[in-house]
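Take 7 as the starting number for the sequence shown in the working numbering and just add one per residue. Everything below concerns the one structure shown next.
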Amino acid sequence: MYALIDCNNFFASCEELFKPQLKGKPIVVLSNNDGCIIARSKAAKDLGIPMGAPLFEYDRFLKKHGVEIFSSNFELYSDMSRRVMASIESLGLELEPYSIDETFAHVTEDCSRLIKERVERWTGISVGVGMGLTKTQAKLANKLAKRAGGIWRFQESDLDHFPIEDVWGVGKKHSLKLKSYGIFTARDWVLKDDQWIKKHFSVVGLRTVMELRGIACLKEDLPSPKKGIVASRSFAVAISDKQMLSEAIMSFVARAARKLRKDRSRAGYLTVFTDVGSAGCNLPVASDFNPLLMANARRLLHQIYREGMKYKRAGVMLCDITADQQFDLLAPSQESPLMGLLDGINRRHGKEILFYASQGVSKNWQIPLKYKSPRYTTHWQDIPRVC
7 MYALIDCNNF FASCEELFKP QLKGKPIVVL SNNDGCIIAR SKAAKDLGIP
57 MGAPLFEYDR FLKKHGVEIF SSNFELYSDM SRRVMASIES LGLELEPYSI
107 DETFAHVTED CSRLIKERVE RWTGISVGVG MGLTKTQAKL ANKLAKRAGG
157 IWRFQESDLD HFPIEDVWGV GKKHSLKLKS YGIFTARDWV LKDDQWIKKH
207 FSVVGLRTVM ELRGIACLKE DLPSPKKGIV ASRSFAVAIS DKQMLSEAIM
257 SFVARAARKL RKDRSRAGYL TVFTDVGSAG CNLPVASDFN PLLMANARRL
307 LHQIYREGMK YKRAGVMLCD ITADQQFDLL APSQESPLMG LLDGINRRHG
357 KEILFYASQG VSKNWQIPLK YKSPRYTTHW QDIPRVC
């Protein structure tokens, strides 16, 4: 049996976890650069605050209703996600992560309550567990679990009143098409003839219906190298100084390279881009080595930089990604241990405790995040104190 374990209002829950006085209060989390609302607590949802709402449009409304505002703290969210997954794995379950706050697992019905209790006891994060014979049934059951104490096993009768737009993989566009054919619930869809479904919604639609009927059609999602990794940012103010722009680019290279190493991959092609131009090059060998990537990024920046031009955005993209095992025999052997040491120190003592001088120290190009919470679980200086 499949289970989908999903953290409830994850980003908001992470913030609430370290400020228990906010429990039950409306909370919103903002996107990078504090632009839009990307996460809401239940109380914030009950106020009618929509997903993706621009902060400047809702600023007065949020203040009026006493809504607590947080900038994105992805270092905290990633670490809490790791802890949630580890607590589930401690039960001997093999996981198939679907996103930062949810994962599939093969389970027996008996262990569902144990999963919920262990995650909440070990991490403080509340989760819902939905179970079914297929992933699509488990997804459906997970939605119902939120109204049933956090645990729900799929039942055939669940199809009767389950809105078609809430079925996994349907989405708004396809739901409108389905409704035009008189299909308003999951039950309406599964009763349709297979040939009719395939004709109007292709084999993908038929696969979803088969999953709703309890026939597993979705393969296990095995991790594979990404097609590309992008690291970029808009600047607080437009940059014309080449040195400051270079420091930003080097920071993006370091971030992208860290993602490469986390995925145990290497890149063979590097692109540097700004809002007014871009340049790319093949690397001499597929690499995840910061100095090699930075040297090439610096050369590419020199090609596209124009004196007096003001740059509002910049970034890097790594492509032609291969698994780390497929390394070039001519690649220097000392690279991996050095990068492993760099990542290990930063992982243990805090992100970018150790960094390259070319990344700059002041980082004046960064937009200050007005509402960012401390990195409670990854930086010694931010560890909560119990008085």
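Here a beta-carbon is modelled for each residue, glycine too, at the ideal position from N, C-alpha and C.
Per DSSP, the unbroken beta strand (DSSP E) holding G138 starts and ends at V133 to G138. Sorting A363, I221, L347 and I359 by C-alpha distance to the C-alpha of W386 places I359 at the top. Nearest C-alpha to R270 among L251, Q249 and F295: F295.
If you draw a 10 Å sphere on the C-beta of M57, you find fewer than 16 other C-beta atoms in it, and that means exposed. In the displayed model, C117 falls within a helix according to three-state DSSP. Beyond the five residues adjoining it in sequence on each side, Q143 comes within less than 6 Å, by CB distance, of F160 in the same chain, given in chain order.
Judged by their CB atoms, T114 and L101 are not nearer to each other than the 9 Å cut-off.
The residue from M137, E22 and Y275 with its alpha-carbon nearest to that of V322 is Y275. The straight-line gap separating the alpha-carbon atoms of P374 and A292 is approximately 35 Å. Contact between the stretch 353 to 368 and the stretch 65 to 80 is absent, with fewer than three C-beta pairs closer than 8 Å. For S78, same chain residues with a beta-carbon under 8 Å away, outside a window of 5 residues either side, are F17, V35, L36, S37, N38, I44, L375 and K378 in chain order. Annotated as distal: L23 and E74, with beta-carbon spacing of 9 Å or more. One alpha carbon belongs to K316, the other to C13, and they sit about 42 Å apart. Across the structure, L298 and A273 are spaced so that their CA atoms are roughly 11 Å apart.
Inter-segment contact for the stretch 251 to 266 and the stretch 299 to 312 is present: three or more beta-carbon pairs are separated by less than 8 Å. P32 counts as buried, since no fewer than 16 other beta carbons sit within 10 angstroms of its beta carbon.
Its Cα nearest to that of P380, the residue Y83 stands out among L10, Y83, G30 and G54.
Assignment of D194 by DSSP, reduced to helix, strand and coil, places it in the helix class.
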